[in-house]
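Contents: one structure, followed by commentary.
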Amino acid sequence: MTYFFPLMVTGMVLCGIVTWPEVAGLRVEHALLHVADVERSITFYSRIPGAQLVLHRPHEFARLLIGTGSLHLVQLPLQNRFHIELDTEDAGLLYKQLCEAGLTPASPPKHHPWGKIDFRLVDPDGYQLEFGTMDADA
58 MTYFFPLMVT
68 GMVLCGIVTW
78 PEVAGLRVEH
88 ALLHVADVER
98 SITFYSRIPG
108 AQLVLHRPHE
118 FARLLIGTGS
128 LHLVQLPLQN
138 RFHIELDTED
148 AGLLYKQLCE
158 AGLTPASPPK
168 HHPWGKIDFR
178 LVDPDGYQLE
188 FGTMDADA
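Sequence positions in the sequence shown follow the working numbering and run 58 to 195.
Take a look at the structure:
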């Protein structure tokens, strides 16, 4: 995939072209916050103008649409306050590519009851990156 972008350097605009290989259709999916109490967080975030609760598993999980993006709230212990989720067309292929690149995911891709297949990779600062896709059969 090729991207064209302007680059501002001390008042001058330069242009650049960068080419990255296509990696299983990878894109950032949404922001996810680890919260102590999902119900309390729903009450708070629902007050944002335009926020709409679209999925709720009581005391576990909530998804709110806010504008063109989404915010996920998951009730978990608060040692890691958030993680980043990246959507991919093929979690298994991406897992293999990351391993071949010398990275060590925390576990192999896992199939969840709600139809998601995902795995996590922890960065050097302890932030969790979750790579996933929805199972076509779900």
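Glycine included, each C-beta is placed from N, C-alpha and C at the ideal position. Remember, it's a predicted structure, so these values are computed and weren't measured experimentally.
Only counting the same chain, and skipping five residues up and downstream in sequence, which positions put a Cβ closer than 7 Å to that of residue i?
{"i": "E86", "result": "E142, L143 and D144"}
{"i": "S127", "result": "H87, R120 and L121"}
Looking only at DSSP bridge pairs, what is residue i linked to?
{"i": "V179", "result": "Q185"}
{"i": "V92", "result": "Q132"}
{"i": "I105", "result": "Looking at the DSSP assignment, I105 forms no beta bridge with any residue, so it has no partner."}
{"i": "L121", "result": "L110 and L128"}
Can you list, in chain order, the residues of its chain whose CB lies under 8 Å from that of residue i, leaving out five sequence neighbours each side?
{"i": "P177", "result": "The sequence as given places Arg at residue 177; Pro does not occur at that position. Only H140, P162, A163, S164, Q185, L186, E187 and F188 meet the Cβ criterion."}
{"i": "T67", "result": "Confidence at T67 is low in this model, with a pLDDT of 37, below 50, so the placement of that residue should be treated as unreliable; the coordinate-derived value is given next. Answer for T67: no residue qualifies."}
{"i": "I174", "result": "A148, G149, P166, K167, H168, G189, T190, M191 and D192"}
I believe residue i touches residue j by the beta-carbon criterion, under 8 Å. Please report the beta-carbon distance rounded to the nearest angstrom.
{"i": "H168", "j": "D192", "result": "7 Å"}
{"i": "I123", "j": "I99", "result": "In fact, because the Cβ distance is near 13 Å, the residues do not count as touching under 8 Å."}
Go through its chain and collect everything with a Cβ distance to residue i's Cβ below 6 Å, but skip five positions before and after it.
{"i": "L112", "result": "R120"}
{"i": "Q109", "result": "L122"}
Can residue i and residue j be called in contact, C-beta distance under 7 Å?
{"i": "P170", "j": "Y152", "result": "no"}
Quick check: the stretch 93–107 against the stretch 124–135, are at least 3 beta-carbon pairs closer than 8 Å?
Under the three-pair Cβ rule at 8 Å, the stretch 124–135 counts as touching the stretch 93–107.
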